[in-house]
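Numbering (our numbering), first residue to last: 1013 to 1559.
(1) Can you tell me where the alpha helix (DSSP H) with residue 1521 in it begins and where it stops?
(2) Could you tell me the alpha carbon to alpha carbon distance between residue 1259 and residue 1348, rounded to whole angstroms?
(3) I'd like the list of long-range same chain contacts for residue 1356, defined as Cβ closer than 6 Å, with 5 residues on each side in sequence excluded.
(4) Just the Cα atoms here: how many angstroms apart are residue 1221 and residue 1183?
(5) Taking the CB atoms as reference points, tell me whether residue 1203 and residue 1191 lie closer together than 8 Å.
(6) Between residue 982 and residue 1508, is the Cβ-Cβ spacing less than 8 Å?
(7) Any idea if residue 1476 is buried or exposed, counting beta-carbon neighbours within 10 angstroms, 16 or more meaning buried?
(8) So for residue 1374, helix, strand or coil by DSSP?
(9) Put residue 1474 into one of helix, strand or coil per three-state DSSP.
(10) Can you give me the start and stop residues for the alpha helix (DSSP H) that residue 1092 sits inside?
(11) Rounded C-beta distance between residue 1030 and residue 1118? I'm assuming under 8 Å.
(12) Taking only three categories from DSSP, how would you classify residue 1034?
(13) Put residue 1211 into one of helix, strand or coil per three-state DSSP.
(14) To which residues does DSSP link residue 1439 through a beta bridge?
(15) Looking at the structure shown, is residue 1156 part of a helix, part of a strand, or coil, going by DSSP?
(16) In angstroms, rounded to a whole number, what distance separates the CA positions of residue 1452 and residue 1316?
(17) Return the CA-CA distance between residue 1359 and residue 1113, expressed in angstroms with no decimal places.
(18) With three or more beta-carbon pairs closer than 8 Å as the criterion, would you say the segment 1196 to 1213 touches the segment 1370 to 1388?
(19) Taking the continuous beta strand (DSSP E) assigned at residue 1553, which residues delimit it?
(20) Based on the DSSP output, what are the partners of residue 1300 in its beta bridges?
(21) Does the distance from the CB of residue 1273 to the CB of residue 1299 come in under 8 Å?
(22) Are the Cβ atoms of residue 1124 and residue 1361 separated by less than 8 Å?
(23) Rounded to whole angstroms, what's the CA-CA distance from residue 1226 to residue 1207? Just pull it up for me.
(24) Out of 1057, 1325, 1296 and 1275, point me to the one whose CA is closest to residue 1354's CA.
(25) For residue 1327, collect the residues of the same chain with a Cβ closer than 7 Å to its Cβ; drop the 5 residues on either side in sequence, then sort them by chain order.
(26) Since residue 1556 contacts residue 1521 with CB under 8 Å, what's their CB separation in whole angstroms?
(27) Is it buried or exposed for residue 1445, if we count other Cβ within 10 angstroms and need 16 for buried?
(28) Considering Cα atoms alone, identify which of 1056, 1464 and 1301 is closest to residue 1525.
(29) In terms of residues, what are the limits of the beta strand (DSSP E) holding residue 1282?
(30) Which residue wins for smallest C-alpha separation from residue 1165, given the options 1144, 1176 and 1196?
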């Protein structure tokens, strides 16, 4: 059959595209926290909760909000799922092994989407759904990172697959409970939408299976409860409260809840704000990220079979919308709603199945591959005027499609198929551009980190320097606001100071180096060039002071 060959080619294409965006280098404290917990678990099991041997912290406090002190030990305030499952990859490949694990998780998610959509709508539409998950959603950006959200998305997608494909077998019920619990273990805020799905699933079972399903779900959650108890002093998510974490770890007053919910939901679905952050997926709205997936709404609203999954995904979206930006009060972040996107691509396959729109799969995949190469070669900048125009156009296009999709569904002409084809291309352009920009941003931080390798255990850099998110896993990195603050660290022995001028360090031997050539990392975007031009004026000053 023709689609068997296409299946092999499409998954090879998906794998190659992931490799194109795979980069080395940490660039966030969150990712660093997952790395350190993975390393501690792999090298120090079973005493992996003590991270003191991996993090050098000044007395009484830590440099990163991802870590905290518990007695005399240092702990990571991160989820246990990714470190536990990726630790074998760390043992085999080191820090890069966690990225390989996430890359494989992204690939398996695409295949799980294919299995679910194939069962519902046939293999041809399923192949398109699997391909679109990579090209028109934020998955590519996060599956080449050290974050836990790619694993969460995979586990939630597998849970949905068992939910949709369930046949009256006890092992399926146990497998569903296990996957649901692992989803929560990977990201604790998922306990609310996953529990809703679990209760709905249990209601479909016979009484004995129902009890077994819920009992297994709670049993498999015990590691998460234990981890939270030892870290936060509470088994039920501790400071990671239900439905999520807001700024300062406390919920906002109920009086402004409705207003915040409406504003958050509007920002999450459609937003044209231009952020000052270096990468843009954190600020992209759901349908702005993937305008083509707006078409899936029509099918979701008409499908009773998908009602429970729709409610679970909607609840997750509302949770993110309610809390200012995301669960840390930081900013709107697509990674917290990433588990919703596989369901949207499956539903889009349902829309195509019902509407009967014709499309050529090989031509579509070839065009997406060309667009990938184009996006890598010429990325737009997230602060540029062009990017703002893309965001505005995406928002209005999504609104237009939402209003006109009932008309499109009743048509079956070549013109409509071509329109959907162009819509997919436009969605992929927006997504791949941001993923390409993120890859370049990672390269810039890899360049900074590599320039500091071999330096001393403590790295000090000025607060006004463009080093936000600098994370050195084996070093203590500290921001200083005035040269006088450097003096406090001189008694600690060997230091590395990033500065424009030589810091006051009497009685210390010093050597000075410059940052290496940034352009070897193929950083092409204008803002990144400006960033690295600023870096060039700083010097790396190694100080050796007598204690």
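Beta carbons: idealized from backbone N, C-alpha and C, even for Gly.
Let me spell this out:
(1) Per DSSP, residue 1521 belongs to no alpha helix (DSSP H); it is in the beta strand (DSSP E), 1520 to 1526.
(2) Any reading at residue 1259 must be qualified, since the residue scores a pLDDT of 31, below 50, and its modelled position is unreliable; the value itself is stated next. Roughly 15 Å separates the two Cα atoms.
(3) 1305 and 1308
(4) 10 Å
(5) no
(6) Any answer about residue 982 is impossible in this case: the structure gives the chain only from 1013 up to 1559.
(7) exposed
(8) helix
(9) strand
(10) Residue 1092 -> no alpha helix (DSSP H), and no H or E assigned at all.
(11) 6 Å
(12) coil
(13) helix
(14) Note: residue 1439 sits in no beta bridge, so no partner.
(15) Residue 1156 falls in the coil class under three-state DSSP.
(16) 43 Å
(17) 27 Å
(18) Result no; under three Cβ-Cβ pairs closer than 8 Å.
(19) Start and end: 1551 to 1557.
(20) Per DSSP, none; premise fails for residue 1300.
(21) no
(22) No, Cβ-Cβ distance for residue 1124 and residue 1361 is not below 8 Å.
(23) 9 Å
(24) 1325
(25) Hits under 7 Å: 1204, 1205 and 1208.
(26) 5 Å
(27) Per the 10 Å Cβ criterion, buried.
(28) 1464
(29) Run containing residue 1282: none; DSSP gives neither H nor E here.
(30) 1196
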